[in-house]
Structures are given as structure tokens and as C-alpha cells.
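A.B. asks: Take this structure, written in C-alpha cells, and hold onto it; I'll ask about it next.
Residue numbers (my numbering): 334 to 497.
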């Protein structure tokens, strides 16, 4: 994830975080910051060195604090992102464990269905966070609900055909 902000006091701040390793790279006006510890960095402004603190993560929002002033890099997840992210696991927990609903259209529930629903929920939230358009976020969330339903339905059919 790459984000760039421009401040009046410190100029351009580039923030990059690797999705695979979690390694952060911060540039202030094109000059890399020196890492002090996990969330603290140092950069030079004129003749003095300033400390920069990174707060948050990709779900709770990321902000950078310099000299007590906070600059938002990434806003926190909206309420509807959380709602659409939990829909896949809620679908499996409710539908997959209801005898009446599974007699209409069977889907796999229990531990296997819960694992699939949980994984799809996490992936859904991660993909929605990479998008800025709210309508597209809703469509992504609904797409993951449909994908979860289809995967659990196909697995239920496989289990039912193996039993008969």
C-alpha cells in the first residue's frame, strides 16, 4: 500500500507498507527516514532531527505524529465495511447450521463452513480497504458473500454425494 500526503510544515510524506512482510518505508521530501524502533522513525529537517511516530494499522487507520501534530495517512474502516465483511461468516453460521434452510439449499456449516466463512470475511475486508469508491466496496462485500455461499454449497453437494 502506498499513500502520499502533503503538509505545510514538513512537505511531502510518502508512506509505503508491504502487504506480505509489513515492512514500512517512510520518505519525507524524498529522503528516507531512519528506523529507530518498530513505530518510531527519524528524519532531518534543516539542522535538527525530528522523530516521527506511526500509529494504527490498515483496519484502524494509519496516522503519523510529528512534534505532537497528527497527520492522517489512511482513514479507519467505515461501519459498512465491517458489516459487509462479517456477512460471509454470518451466512455460514446461520444457514449452514439450520436444518430447515439446509433442506432447501444445503451448504456446509460447522468447523469447515466456519473456516471458509472466516477466511472469506478477512479477505473481503482486506480487499475493500484497498478501494476508495463506497459503491464498489459494497459490491465487493456482496461478491464475497455470493462466493462463500457457492463454495459452501459445492462442498455440501460433494459431502452429500459421498454419503449416498
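Glycine included, every Cβ here is placed at the ideal spot set by N, Cα and C. These numbers come from a predicted model, not from an experiment.
My parser needs the alpha helix (DSSP H) runs of 4 or more residues fully inside the segment 439-478; what are they?
C.D. replies: The segment 439-478 contains these whole alpha helix (DSSP H) runs: 443-462.
A.B. asks: By Cβ distance below 6 Å, which residues in the same chain neighbour residue 464 in space, the five residues on each side in sequence not counted?
C.D. replies: Answer for residue 464: 470, listed in chain order.
A.B. asks: Use the C-beta contact count for residue 353: other C-beta atoms within 10 angstroms, 16 or more gives buried, fewer gives exposed.
C.D. replies: Burial call: exposed.
A.B. asks: Kindly list the residues whose CB is nearer than 6 Å to the CB of residue 453, restricted to its own chain and excluding five residues on each side of it in sequence; keep chain order.
C.D. replies: The answer, listed in chain order, is 421, 477, 481.
A.B. asks: Nearest to residue 383 by alpha carbon, out of 486, 400, 449?
C.D. replies: Considering only alpha carbons, the answer is 400.
A.B. asks: Residue 436: which of 490, 367, 370, 410 sits nearest, CA to CA?
C.D. replies: Comparing Cα-Cα distances from residue 436 to each of 490, 367, 370, 410, the minimum goes to 490.
A.B. asks: For residue 371 and residue 349, which I take to be in contact (beta-carbon distance under 8 Å), what is that distance rounded to the nearest angstrom?
C.D. replies: Not quite, the Cβ-Cβ distance comes to about 16 Å (not below 8 Å), so this is no contact.
A.B. asks: What residues match up with residue 373 in a beta bridge as DSSP calls it?
C.D. replies: Its beta-bridge partners are 386.
A.B. asks: Using a Cβ-Cβ cut-off of 6 Å (strictly less than) and excluding sequence neighbours within five positions of residue 488, which residues of its own chain qualify?
C.D. replies: Only 441 meet the Cβ criterion.
A.B. asks: Buried or exposed: which applies to residue 387, given that a residue is buried once 16 or more other Cβ atoms fall within 10 Å of its Cβ?
C.D. replies: With 16 or more other Cβ atoms within 10 Å, it is buried.
A.B. asks: Starting from residue 413, follow the alpha helix (DSSP H) in both directions and report where the run begins and ends.
C.D. replies: Segment 412-428, the alpha helix (DSSP H) holding residue 413.
A.B. asks: Note down the Cα distance separating residue 373 from residue 398, rounded to an integer number of angstroms.
C.D. replies: Cα-Cα distance, rounded: 10 Å.
A.B. asks: I'd like to check one pair, residue 343 with residue 364: are the Cβ atoms closer than 8 Å?
C.D. replies: Contact: no.
A.B. asks: Counting C-beta neighbours from all protein chains within 10 Å, is the total for residue 369 16 or more, i.e. buried, or is it exposed?
C.D. replies: It is exposed - the Cβ of residue 369 has fewer than 16 other Cβ atoms within 10 Å.
A.B. asks: Take residue 415 as the anchor and find which of 381, 429, 407, 393 has the nearest alpha-carbon.
C.D. replies: Looking at the Cα atoms, 393 is the closest of the given residues.
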